[in-house]
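Sequential numbering of the sequence shown, starting at 1, is according to full-length UniProt numbering.
Just below is one structure, and these are the notes that go with it.
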Amino acid sequence: MTASDTAGFETPGSPDTSGHYALGHPAIGPRPLARTRSFTRRGGRMPRTHQAAWDRHAEQVVLDVPLAHGDTSTVVDPAYRLDVEQVFGRRAPLVVEVGSGAGDALVVAATARPDWDFLAFEVWRPGIGHALAKMEQATGGPLSNVRVVEADAQVALRTLLEPGSAHEVWTFFPDPWPKARHHKRRIVSRDFADTVLRLLAPDGVWRLATDWQDYAEAMRQVLDAHEGLRLVSTDRAPLRPVTRFERRGVEEGRSITDLAYARA
Ligand SMILES: C[S@@+](CC[C@H](N)C(=O)[O-])C[C@H]1O[C@@H](n2cnc3c(N)ncnc32)[C@H](O)[C@@H]1O
């Protein structure tokens, strides 16, 4: 195993080892401390303006969700259920964004659709700070229809939300993990498709986008073969703005694939 393979695991000795699920849990899978993760970056310095936005708005926007292995963990307590209606103070169509990055799509879409609620999952705190700064820039403060969970979506979405609660699930430009030996870290897999399917409302849609052709093909292979899903569109997702990942992909000669799946 190489050093970069090891980076995908929460190994004994990391701060995440204080938890009670070291041997696994029926809801979050076997040995979550040793799971293969779809991300590496979590921390890092925030520019002053992003930190200031974090200090001003994180308390309102970033949900205080209990974590299974203590404060530094990315694993949400599998026993905890989020009351979405209570969080947003209303019942509205819910968009769940997996890996919101710097919040480009989140802020544009939530501003355009004040009648929808947006729940984003992101493990990279500087990205959340950036999203908060963008909200402030766009509207002078946090958006009342946006909340963020700072945790691993791949694990949290198995248990945190009620089945059928998402109107849309977005996975835009997931980390591509281009090396073959890292493909196991790609978030779009059969297992994650099961998780998303459980979450989708009867008329719900899972929207994906990537600038990596082989990842797009792998997505098609796994999701087209899933008996619970059917491809409904390859058009650009209606609310998806051009982000720096799309721009960079195009500049480097890659084409963008959009996919939308509904319940079969
Ligand atoms: C390549 S970026 C794309 C960000 C954004 N969707 C965009 O299009 O600009 C992927 C993001 O997903 C986040 N991420 C990866 N795996 C995740 C997981 N399991 N749970 C939550 N966030 C995750 C990463 O931290 C990173 O910020």
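Every residue gets a Cβ at the ideal spot worked out from N, C-alpha and C, and that includes glycine.
Query raised in the report: Ordered along the chain, which non-local residues of its own chain (more than five positions away) have a Cβ less than 6 Å from that of F39?
Result: Here residue 39 refers to the residue found at position 39 of the sequence shown. Excluding residues within five positions, the ones whose Cβ falls inside 6 Å are V123.
Query raised in the report: Taking just the CA atoms, how far does E227 sit from A264?
Result: Counted from its first residue, the sequence shown places residue 264 at position 264. Counted from its first residue, the sequence shown places residue 227 at position 227. Cα to Cα, A264 sits roughly 7 Å from E227.
Query - Extent of the continuous beta strand (DSSP E) to which A201 belongs - result: Mapped onto the sequence shown, residue 201 falls at position 201. Segment 200-210, the beta strand (DSSP E) holding A201.
**Report entry** Cβ-Cβ distance between V196 and W206 below 9 Å
**Finding:** Locating residue 196 in the sequence shown gives position 196, where the first residue counts as 1. Locating residue 206 in the sequence shown gives position 206, where the first residue counts as 1. Going by C-beta atoms, V196 is nearer than 9 Å to W206.
Requested in this report: Check whether the stretch 57-72 touches the stretch 141-148, counting contact only when three or more Cβ pairs, one atom from each stretch, lie closer than 8 Å.
Outcome: yes
Query raised in the report: Between the Cα of I128 and the Cα atoms of D104, D194, T139, which residue gives the shortest distance?
Result: Taking the first residue of the sequence shown as position 1, residue 128 is located at position 128. I128 has its Cα closest to that of D104, out of D104, D194, T139.
Requested in this report: Pull up the DSSP beta-bridge partners for T257, would you.
Outcome: Reading the sequence shown from its first residue, position 257 is the one you call residue 257. In the DSSP output, where bridge partners are listed per residue, T257 has T210.
**Report entry** Through-space distance from A120 to T74, alpha-carbon basis
**Finding:** Within the sequence shown, the letter at position 74 stands for residue 74. Within the sequence shown, the letter at position 120 stands for residue 120. Spanning the two alpha carbons is a distance of roughly 14 Å.
Query raised in the report: What do you get for T171, buried or exposed, if any count of 16 or more other CB atoms within 10 angstroms of its CB means buried?
Result: For the purposes of this step, residue 171 is taken as the residue at position 171 of the sequence shown. Classification for T171: buried.
Report task. Report back the beta-carbon spacing between M135 and V107 to the nearest angstrom; my notes put them in contact at under 8 Å. Result -> Here the question's residue 135 lines up with position 135 in the sequence shown. Here the question's residue 107 lines up with position 107 in the sequence shown. Their Cβ separation, rounded to whole angstroms, is 6 Å, which keeps M135 and V107 in contact under 8 Å.
Report task. Report the residue from E168, R158, A133, F173 whose alpha carbon sits nearest the alpha carbon of R244. Result -> If you number the sequence shown from 1, residue 244 lands on position 244. Selected option, being the one with the closest Cα: F173.
Query raised in the report: In or out: P78 buried (at least 16 other Cβ within 10 Å) or exposed?
Result: The count along the sequence shown starts at 1 and reaches residue 78 at position 78. Classification for P78: buried.
Query - At least 3 beta-carbon pairs within less than 8 Å: the stretch 228-247 vs the stretch 201-215 - result: yes
Report task. Determine, using beta carbons only, whether P126 and G44 come nearer to each other than 9 Å. Result -> To locate residue 126, count along the sequence shown from 1; it is residue 126. To locate residue 44, count along the sequence shown from 1; it is residue 44. Yes; because the gap between Cβ atoms is below 9 Å, this pair is in contact.
Query raised in the report: Between which two residues does the beta strand (DSSP E) carrying residue 271 extend?
Result: The first residue shown for the chain is 1 and the last is 264, placing residue 271 beyond what the model contains.
**Report entry** Inter-stretch contact at 8 Å, needing at least 3 Cβ pairs: the stretch 159-166 / the stretch 180-195
**Finding:** no
Query raised in the report: From V98 to Y261, what distance separates their C-alpha atoms?
Result: Along the sequence shown, one-based indexing puts residue 98 at 98. Along the sequence shown, one-based indexing puts residue 261 at 261. V98 and Y261: Cα-Cα distance of roughly 15 Å.
Requested in this report: Using only alpha-carbon positions, find the residue among W212, Q86, H182, R247 that is nearest to T36.
Outcome: Taking the sequence shown and counting its residues from 1, the one referred to as residue 36 is at position 36. Checking every option, the nearest Cα to that of T36 belongs to H182.
Query raised in the report: Going along the chain, which unbroken runs of the beta strand (DSSP E) with 3 or more residues stay wholly within the stretch 165-195?
Result: 166-172
Query raised in the report: So the beta strand (DSSP E) E96 belongs to, where does it begin and stop?
Result: Counted from its first residue, the sequence shown places residue 96 at position 96. The sequence given here has Val at residue 96, not Glu. That run of the beta strand (DSSP E) goes 94-98.
Requested in this report: Grab me the residues of L67's own chain with a C-beta within less than 8 Å of its C-beta, minus the 5 sequence neighbours each way, in chain order.
Outcome: In the sequence shown, residue 67 corresponds to position 67, counting from 1. S73, T74, V75, V76, D77, A151, listed in sequence order.
Query raised in the report: Of all the options W212, V232, V96, which has the alpha carbon lying nearest to the alpha carbon of E251?
Result: Residue numbering aside, residue 251 sits at position 251 when the sequence shown is read from its first letter. When only C-alpha atoms are compared, the closest one is W212.
Query raised in the report: Unbroken beta strand (DSSP E) runs of length 3 or more, entirely within the stretch 103-173: which are they?
Result: 117-121, 146-149, 166-172
Query raised in the report: If you draw a straight line from the alpha carbon of T257 to that of T234, how long is it in whole angstroms?
Result: Taking the sequence shown and counting its residues from 1, one reaches residue 257 at position 257. Taking the sequence shown and counting its residues from 1, one reaches residue 234 at position 234. Going from the Cα of T257 to the Cα of T234 covers about 7 Å.
Report task. Give the secondary structure of L67 by DSSP, where H, G and I count as helix, E and B as strand, and everything else as coil. Result -> Counting from 1 along the sequence shown, the entry for residue 67 is found at position 67. In the structure shown, L67 sits in a strand (DSSP, three-state: E or B).
Query raised in the report: Can you tell which of R254, S255, E246, L200 has its C-alpha closest to the C-alpha of R230?
Result: Start at 1 with the first residue of the sequence shown, and residue 230 comes out as number 230. Comparing Cα positions, the closest option is L200.
Query - Within the stretch 209-250, ranges of the beta strand (DSSP E) (whole runs, at least 3 residues) - result: 229-233
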